[in-house]
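A quick write-up on the structure given underneath.
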Amino acid sequence: MSALQPGEPLPELVVTPDKLLPVRYAGASGDFNPIHVDEEFARAVGLPGRILHGLWTMAQVARAHTEAAGGPATLRSLAVQFRGMGLPEQEITVTGTVRTVEDGIATVDAVATQADRPIVRDAVAELDLR
Amino acid sequence: MPVSTRAVGRTFPAATYAVGREKIREYALAVGETDPLHHDLEAARRAGYADLVAPPMFVAVYAAPALGPALFDPEVGIDFAHMVHAGQEFRWGPLVVAGDEIATTVTVHEITERDGRGFYTFVSTSTNQRDEIVCVGTWTNVVREA
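Heads up: the protein sequence lines correspond to chains A and B, in order.
With the numbering used here, the residue at position 81 of the first sequence is 290, and numbering never jumps.
With the numbering used here, the residue at position 42 of the second sequence is 167, and numbering never jumps.
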């Protein structure tokens with residue numbers, strides 16, 4: 210992949226989760242924590258409403274990498290820090306920069322932001338380009 | 126926030142997850158994965174896989190059942206009302222495909238207290254039916270002072 214050279218940006222991934230996405234992801238993942246699926250519960254514990262699952266947002270970061278590198282087999286590792294909370298119906302952007310490429314392994318630094326706030330930061334991925 | 130470290134090192138019994146073709150499609154749709162390897166059986170087979178390929182982050186599906194007993198262990202002592210998922214790392218081996226049987230064990234890796242917060246780190250190791258490690262996960266949860 211010619212784009213994955215040191216210093217080059219990761220192709221940007223932009224996604225807007227729809228209103229019921231956390232409910233569908235709860236079903237797909239099995240994580241039915243009520244802060245993700247129950248609007249009343251979420252508000253009762255001080256949240257603005259149902260919030261996105263961190264691992265769904267992390268999956269967007271993973272997808273930005275595998276789409277850039279050429280498929281699911283390329284992703285060797287991904288580490289992230291979760292910050293703040295992701296909300297449905299607001300655009301999320303995953304951006305990144307290739308740090309190094311050594312022996313066919315690209316190391317990429319990335320972040321996921323929503324409304325100019327990082328919701329995933331310090332993401333580091335290793336991609337096997339061989 | 127005082128934490129108890131007596132559960133550090135404890136490993137919980139393996140939980141096994143049978144990976145289904147339609148579950149892969151459902152998960153891929155929910156996270157926006159459009160690669161035909163996750164949806165189109167013929168495309169997956171043409172690419173050399175035995176069946177539909179699970180996206181890497183499908184680990185959330187097969188490892189989560191093993192995490193529950195660790196998170197809820199009273200000796201671990203997590204206060205759920207004040208817990209947030211703070212960090213996550215995964216390191217993958219061979220790809221998981223439909224038909225695989227994945228066994229996951231979870232170990233309490235570290236419990237520490239810093240700045241009035243408790244940090245609980247668990248390590249999950251997921252192995253397929255050929256004894257290949259398909260994913261090692263490091264799950265970090267932070268509990269704020271009540």
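By construction, the Cβ of each residue, glycine as well, lies at the ideal position given by its N, Cα and C atoms.
Model, not experiment: these values are computed from the prediction.
- Message: Beta-carbon within less than 7 Å of Arg-131(B)'s beta-carbon, same chain only, minus the 5 sequence neighbours each way: which residues are those?
- Response: Working through the second sequence from its first residue, we reach residue 131(B) at position 6. So the list reads Glu-200, once near-sequence residues are dropped.
- Query: Between Ala-155(B) and Ala-237(A), which are expected to be in contact by the criterion C-beta below 8 Å, what is the C-beta distance as a whole number of angstroms?
  - Reply: The count along the second sequence starts at 1 and reaches residue 155(B) at position 30. The count along the first sequence starts at 1 and reaches residue 237(A) at position 28. Confirmed, about 4 Å.
- Message: Rounded to the nearest angstrom, what separates Gln-254(B) and Ala-228(B) at their Cα positions?
- Response: Mapped onto the second sequence, residue 254(B) falls at position 129. Mapped onto the second sequence, residue 228(B) falls at position 103. Roughly 8 Å separates the two Cα atoms.
- Out of curiosity, what's the CA-to-CA distance linking Gly-212(B) and Glu-158(B)? Taking the first residue of the second sequence as position 1, residue 212(B) is located at position 87. Taking the first residue of the second sequence as position 1, residue 158(B) is located at position 33. When rounded, the distance between both Cα atoms is 23 Å.
- Item | Inter-residue Cα distance where the pair is Phe-241(A) and Val-186(B) | One-based indexing of the first sequence puts residue 241(A) at position 32. One-based indexing of the second sequence puts residue 186(B) at position 61. Going by the C-alpha atoms only, they are around 12 Å apart.
- Task: Please specify which runs of the alpha helix (DSSP H), each continuous and at least 4 residues long, are wholly inside the region 137-187 of chain B, giving them in chain order.
- Result: 146-156, 166-171
- What separation, rounded to the nearest whole angstrom, lies between the Cα atoms of Asp-165(B) and Pro-297(A)? Translated into the one-based positions of the second sequence, residue 165(B) becomes position 40. Translated into the one-based positions of the first sequence, residue 297(A) becomes position 88. Looking at the two C-alpha atoms, the distance is approximately 28 Å.
- Query: If contact means a Cβ-Cβ distance below 8 Å, which residues of the region 234-251 of chain A contact chain B?
  - Reply: Tyr-234, Gly-236, Ala-237, Ser-238, Gly-239, Asp-240
- Leaving out five residues before and five after Val-254(A) in sequence, what residues of the same chain have Cβ atoms less than 7 Å from its Cβ? The sequence position of residue 254(A) within the first sequence is 45, counting from 1. Excluding residues within five positions, the ones whose Cβ falls inside 7 Å are Ile-244.
- Task: Using a Cβ-Cβ cut-off of 8 Å, state whether Phe-197(B) counts as contacting chain A.
- Result: If you number the second sequence from 1, residue 197(B) lands on position 72. Cβ-Cβ to chain A under 8 Å: no for Phe-197(B).
- Query: Any contact of the region 191-200 of chain B with the region 271-282 of chain A, i.e. 3+ C-beta pairs under 8 Å?
  - Reply: no
- Message: Would Val-133(B) pass as an interface residue toward chain A - the criterion being a Cβ-Cβ separation below 8 Å?
- Response: The count along the second sequence starts at 1 and reaches residue 133(B) at position 8. By this cut-off, Val-133(B) is not an interface position.
- Among the residues of its own chain, which have a CB less than 6 Å from the CB of Gly-241(B), if the five just before and after it don't count? Locating residue 241(B) in the second sequence gives position 116, where the first residue counts as 1. Cβ neighbours of Gly-241(B) beyond the five flanking positions: Met-126, Glu-270.
- Message: By the three-class DSSP mapping on this structure, what secondary structure does Ser-347(A) have?
- Response: As shown, chain A starts at 210 and ends at 339. That puts residue 347(A) outside it, with no answer to give.
- Are the beta-carbon atoms belonging to Trp-217(B) and Leu-338(A) less than 8 Å from one another? Mapped onto the second sequence, residue 217(B) falls at position 92. Mapped onto the first sequence, residue 338(A) falls at position 129. Against a cut-off of 8 Å, the Cβ pair of Leu-338(A) and Trp-217(B) comes out as no contact.
- Query: When DSSP builds the beta bridges, which residues end up paired with Asp-337(A)?
  - Reply: For this step, residue 337(A) is matched to residue 128 along the first sequence. Paired residues: Ile-314(A).
- Task: Label Gly-313(A) either buried or exposed according to how many other C-beta atoms from any shown protein chain fall within 10 Å of its C-beta, with 16 as the threshold for buried.
- Result: Taking the first sequence and counting its residues from 1, one reaches residue 313(A) at position 104. Its Cβ having fewer than 16 others within 10 Å, Gly-313(A) is exposed.
- Task: Going by CA-CA distance only, name the one from Glu-311(A), Ala-319(A), Ala-282(A), Val-307(A) that's closest to Leu-220(B).
- Result: For the purposes of this step, residue 220(B) is identified with residue 95 of the second sequence, where counting begins at 1. With distances taken between Cα atoms, Leu-220(B) lies closest to Ala-282(A).
- In three-state DSSP terms, what is Pro-127(B)? Reading the second sequence from its first residue, position 2 is the one you call residue 127(B). Of the three classes helix, strand and coil, the one that applies to Pro-127(B) here is coil, per DSSP.
- Message: Based on DSSP bridge pairs, tell me the residues matched to His-322(A).
- Response: Your numbering for residue 322(A) matches position 113 in the first sequence. It is worth fixing the name first, because residue 322(A) is Thr in this sequence and not His. For Thr-322(A), which the question treats as bridged, DSSP gives the partners Thr-302(A), Pro-327(A).
- Just the chain B side, please: which residues come within less than 9 Å of Gln-290(A) by C-beta, in chain order? Position 81 of the first sequence, counting from 1, holds the residue named residue 290(A). In chain order: Ala-211, Gly-212, Gln-213, Thr-265.
- Query: According to DSSP, which residues form a beta bridge with Ala-332(A)?
  - Reply: If you number the first sequence from 1, residue 332(A) lands on position 123. Its beta-bridge partners are Ala-319(A).
- Query: What is the DSSP secondary structure of Met-210(A), reduced to helix, strand or coil?
  - Reply: The residue given as residue 210(A) occupies position 1 in the first sequence. For Met-210(A), the predicted structure reports a pLDDT of 47, less than 50, and the residue's modelled location is therefore unreliable. A value from the coordinates is still provided. Note: Met-210(A) maps to coil in three-state DSSP.
- Query: Taking C-beta to C-beta, are Thr-322(A) and Thr-316(A) nearer than 8 Å?
  - Reply: One-based indexing of the first sequence puts residue 322(A) at position 113. One-based indexing of the first sequence puts residue 316(A) at position 107. No, the Cβ-Cβ distance between Thr-322(A) and Thr-316(A) is not below 8 Å.
- Span separating the alpha-carbon of Glu-332(A) from that of Glu-214(B): Translated into the one-based positions of the first sequence, residue 332(A) becomes position 123. Translated into the one-based positions of the second sequence, residue 214(B) becomes position 89. The sequence as given places Ala at residue 332(A); Glu does not occur at that position. C-alpha separation (whole angstroms): 9 Å.
- Would you report the Cα separation of Arg-135(B) and Thr-232(B), rounded to the nearest angstrom? On the second sequence, position 10 is the one that residue 135(B) refers to. On the second sequence, position 107 is the one that residue 232(B) refers to. Those two C-alpha atoms are separated by around 6 Å.
- Message: I want to verify the contact list: residues of chain B whose CB lies under 9 Å from the CB of Pro-327(A), in sequence order.
- Response: Along the first sequence, read from residue 1 onward, the residue named residue 327(A) stands at position 118. Those do not exist, as Pro-327(A) stays about 14 Å from chain B at its closest Cβ, beyond 9 Å.
- Could you name each continuous beta strand (DSSP E) segment of 3 residues or more that falls completely within the region 190-243 of chain B, going from the start of the chain to the end? 208-217, 226-239
- Query: Helix, strand or coil for Thr-225(A) per DSSP?
  - Reply: By one-based count along the first sequence, residue 225(A) stands at place 16. The answer is coil: DSSP assigns Thr-225(A) none of H, G, I, E or B.
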